[in-house]
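K.L.:
Chains as they are written, first to last, in the working numbering: chain A, 4 to 351; chain B, 4 to 351. All C-beta atoms, glycine included, are put in the ideal place defined by N, C-alpha and C. Input: one structure, supplied below.
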């Protein structure tokens, strides 16, 4: 192991000055932007920097500049979920592309569970990143409070509930998209349309349920089953629905993974899709929606683009914080709601 | 947006001292461990800390303590690959469990490509983490050099090639496992056994090819096709093999994803598995190996456990670096090679 003591072998500013034959002050000026240093001298220094593999003491430097060129991403889910739900991979892809384009390092802070949030808070407050992108927050999560205490510029993915009124967020039109899904089922002549809801401690799931109720205000409570955005949750909920309402002829599932689980149970129960039961999902998740049997009619949201927008909003805020602080109008927070669109495939 | 300027709203040490009715020096002593402070005073301070949501200026503090309670993970692959190859999710699961058990934050540094390594190097050298876990390194990667220059304690996942002779690593017995796979195919009476190799710029792929050659030193070169550890690479290689050696009756694929691709092509070509062609993979990857058709005989390595071992080795090194520095024997690096085992399913 390169032991901690080997930090002593890291090339120093003095070593660079020796090698370049210049003063320490000159090296320092070059390393910090080169203002006021003749270009011939600066070149000598940069050559010595390359030859020695010198890295400035960023910890000390970032205390002065207060810039780390890094952004933390915190997902309020255990790491196992982060790596099994493709939603997160797609959102991270958008974030990664946008941050990379601005040479900012994506720092993904993984947790096993809520017991780890205090540690995440210490890292966020510890002067390691310029800002934070936070998503998949639940109603009773302490995370928004912890993030706020870190005093870092923050953008949420998904509308946070009440707790963080002045923090900008990026979300899709969950309620409008849900309305479109249910209207589509009704336009196919379906009369017993059920909803498999997502986890109702998340605003995306609440909004999609509200959209269902907007179109079917008189739907009986037994037509609404609770899922959890996973295929297993969709299976459980579909079994309940078939049990309670055997005459169900339409299902709006809160996301595509839920719909995939529901389709499996319908198949096992001998119900033909869409002839007996038409099914609509939400997300248009790659590759899920195209690989279900039959392929899934669903409400598309551009998840990768939402990730890109989150990163862009944060980076813009960081720039303004530097250049335009003091102009309250121009630095005012603004959230972004992206549109949704129904994608018709075989399932409805 | 919580603008950068709002850092001014972060509760200060002074505010805590005011609220607790003690001196700043007392607050500072309590926050930094409480040595020499009466417990009644310490309690007052901690109550004020809680009430105000005070977070010490960790950036300044970590410059003094040189501890961040955080470990960076760098995977030498684009983030898209990190989120599509379950190998990485499983290794990260082991790392996450072990780091969490020691209250150390897992900091995953994602990249789009090699162009981002310089930025990763700046983050590693920037005083943000106590050590680094690095995996999936390729022969011509600059990453090991960049990591070494950061002077951080480091453990590699997978044996690094030459470039980092004194850095400990965790790997499985790639060559021995490969030998077992090929011997198994031979024990089934197979006489034309092909190998679909992994990317030969990685030691794991090289070692598995060497294991194949150990058992079949006289295998004709056309029996060896090159894959890249992905299903698509396995498909391409299997098509080449069927073209070049139509009498092939056994395939040792360098990993399970490669085998999954090969099985698809064999199915399309009308070859029965295992009757016409027996196939063995490497990894015993969940859920891949059990879901192929037919289920895959493969060489098991405990990927999650390897992640745990990497983290344990690093944390042990960090402790020793603190407590036992100066005792060269006790701090000497040591790598770990984990055993492999053949798991027999229907494909061979």
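Give me the subset of the segment 291–303 of chain A whose CB atoms are less than 8 Å from a CB atom of chain B, sorted by chain position.
P.N.:
Answer in chain order: no residues at all.
K.L.:
Start and end of the beta strand (DSSP E) containing residue 253 of chain B?
P.N.:
Where residue 253 of chain B is concerned, the enclosing beta strand (DSSP E) stretches over 253–256.
K.L.:
Beta-carbon separation of residue 140 of chain B and residue 186 of chain B under 8 Å?
P.N.:
Contact flag unset, no.
K.L.:
Does residue 140 of chain B come out as helix, strand or coil in the three-state DSSP assignment?
P.N.:
Coil, per DSSP.
K.L.:
Could you check what DSSP says for residue 198 of chain A in three-state terms: helix, strand or coil?
P.N.:
Looking at residue 198 of chain A - three-state DSSP - the assignment turns out to be strand.
K.L.:
One question on the structure: do residue 146 of chain B and residue 351 of chain B come within less than 8 Å of each other, judged by their Cβ atoms?
P.N.:
No, the pair does not count as a contact, with Cβ atoms beyond the cut-off.
K.L.:
Beta-carbon within less than 6 Å of residue 175 of chain B's beta-carbon, same chain only, minus the 5 sequence neighbours each way: which residues are those?
P.N.:
304, 341, 343, listed in sequence order.
K.L.:
Excluding five sequence neighbours on each side, which residues of the same chain lie with their C-beta closer than 6 Å to the C-beta of residue 338 of chain B?
P.N.:
Excluding positions up to five away in sequence, the list reads 171, 172.
K.L.:
For the segment 70–85 of chain B and the segment 280–299 of chain B, state whether three or more C-beta atom pairs, one from each stretch, are separated by less than 8 Å.
P.N.:
The segment 70–85 of chain B, when compared against the segment 280–299 of chain B, does not touch it at the 8 Å Cβ threshold.
K.L.:
Assess contact between the segment 217–232 of chain B and the segment 267–285 of chain B, defined as three or more Cβ pairs (one per stretch) separated by less than 8 Å. Is contact present?
P.N.:
The segment 217–232 of chain B vs the segment 267–285 of chain B: no contact.
K.L.:
Less than 6 Å between C-beta atoms, sequence neighbours within five positions excluded: which residues of the same chain meet that for residue 349 of chain A?
P.N.:
If we look at residue 349 of chain A and ignore the five residues flanking it on each side, its Cβ neighbours are 297, 298.
K.L.:
Give the interface partners of residue 99 of chain B over in chain A, defined as CB-CB distance under 7 Å, in chain order.
P.N.:
In chain order: 82, 113, 115.
K.L.:
State the CB to CB distance for the pair residue 105 of chain A and residue 318 of chain A, rounded to an integer number of angstroms; the pair is presumed to be in contact (CB under 8 Å).
P.N.:
Yes, residue 105 of chain A and residue 318 of chain A are in contact; Cβ-Cβ is about 5 Å, under 8 Å.
K.L.:
Taking residue 252 of chain A and residue 279 of chain A to be in contact with their CB atoms under 8 Å, please state how far apart those CB atoms are, rounded to whole angstroms.
P.N.:
With 8 Å as the limit, residue 252 of chain A and residue 279 of chain A qualify as a contact, their Cβ atoms being about 7 Å apart.
K.L.:
Among the residues of its own chain, which have a CB less than 6 Å from the CB of residue 184 of chain A, if the five just before and after it don't count?
P.N.:
Once the five neighbours on either side are set aside, the close Cβ partners of residue 184 of chain A are 255, 283, 302.
K.L.:
Comparing C-alpha positions only, which one of B:257, B:161, B:247 sits nearest to residue 201 of chain B?
P.N.:
The option with the nearest alpha carbon to residue 201 of chain B is B:257.
K.L.:
Residue 119 of chain A and residue 103 of chain B look like a contact to me (Cβ under 8 Å); what is the Cβ gap, rounded to whole Å?
P.N.:
About 6 Å separates the two Cβ atoms, so the contact holds.
K.L.:
Tell me, please, whether the CB atom of residue 186 of chain A is closer than 8 Å to any CB atom in chain B?
P.N.:
No - not a single Cβ of chain B is within 8 Å of the one on residue 186 of chain A.
K.L.:
Return the CA-CA distance between residue 81 of chain A and residue 113 of chain A, expressed in angstroms with no decimal places.
P.N.:
Between residue 81 of chain A and residue 113 of chain A, the C-alpha separation is close to 7 Å.
K.L.:
Give every residue of the same chain whose Cβ lies closer than 7 Å to the Cβ of residue 321 of chain A, excluding the five residues on either side of it in the sequence, and list them in chain order.
P.N.:
Cβ within range, chain order: 133, 134, 156.
K.L.:
Give a yes or no on whether 8 Å exceeds the smallest Cβ distance from residue 92 of chain B to chain A.
P.N.:
So, interface residue.
K.L.:
Which partner residues does residue 108 of chain B have in the DSSP bridge list?
P.N.:
Paired residues: B:73.
K.L.:
Counting only beta-carbon separations shorter than 8 Å, does residue 7 of chain B have a partner in chain A?
P.N.:
For residue 7 of chain B, the predicted model reports a pLDDT of 38, less than 50, meaning its position is unreliable and no value from the coordinates is stated.
K.L.:
Measuring CB to CB, does residue 128 of chain B end up less than 8 Å from residue 151 of chain B?
P.N.:
Contact: no.
K.L.:
Does residue 119 of chain A come within less than 8 Å of chain B when only Cβ atoms are used?
P.N.:
So, interface residue.
K.L.:
Runs of 3 residues minimum, wholly inside the segment 179–254 of chain A: which ones carry the beta strand (DSSP E) assignment?
P.N.:
Whole beta strand (DSSP E) segments, 3+ residues: 196–200, 227–229.
K.L.:
Going by CA-CA distance only, name the one from A:79, A:89, A:93, A:138 that's closest to residue 115 of chain A.
P.N.:
When each option's Cα is compared against that of residue 115 of chain A, the closest is A:79.
K.L.:
When the Cα atoms are used, what is the spatial distance from residue 289 of chain A to residue 264 of chain A?
P.N.:
Using only the alpha carbons, I get a separation of about 16 Å.
K.L.:
How far does the alpha helix (DSSP H) with residue 124 of chain B in it reach, from first residue to last?
P.N.:
It spans 120–128 - the alpha helix (DSSP H) in which residue 124 of chain B sits, taken as one unbroken run.
K.L.:
For residue 106 of chain B, go through chain A and note every residue whose CB falls closer than 8 Å to its CB, in chain order.
P.N.:
Chain A residues near residue 106 of chain B: 122.
K.L.:
Quick one: residues in its chain with C-beta nearer than 6 Å to the C-beta of residue 96 of chain A, no 5 flanking neighbours on either side, listed in chain order?
P.N.:
The residues are 307.
K.L.:
Roughly how many whole angstroms lie between the Cα atoms of residue 33 of chain A and residue 51 of chain A?
P.N.:
For residue 33 of chain A and residue 51 of chain A, the distance between alpha carbons rounds to 12 Å.
K.L.:
Could you run through the segment 249–281 of chain B and flag, in chain order, every residue whose CB is less than 9 Å away from some CB of chain A?
P.N.:
Those residues of the segment 249–281 of chain B that come within reach of chain A (Cβ to Cβ, closer than 9 Å) do not exist; the list is empty.
K.L.:
Give me the chain E residues within the contact set of residue 95 of chain A, using Cβ-Cβ distance strictly less than 8 Å, ordered along the chain.
P.N.:
Any reference to chain E falls outside this structure, whose protein chains are A and B.
K.L.:
Does DSSP put residue 302 of chain A in a helix, in a strand, or in coil?
P.N.:
Residue 302 of chain A: strand per DSSP, three-state reduction.
K.L.:
Going by DSSP, which residues form a beta bridge with residue 282 of chain B?
P.N.:
Looking at the DSSP assignment, residue 282 of chain B forms a beta bridge with B:254.
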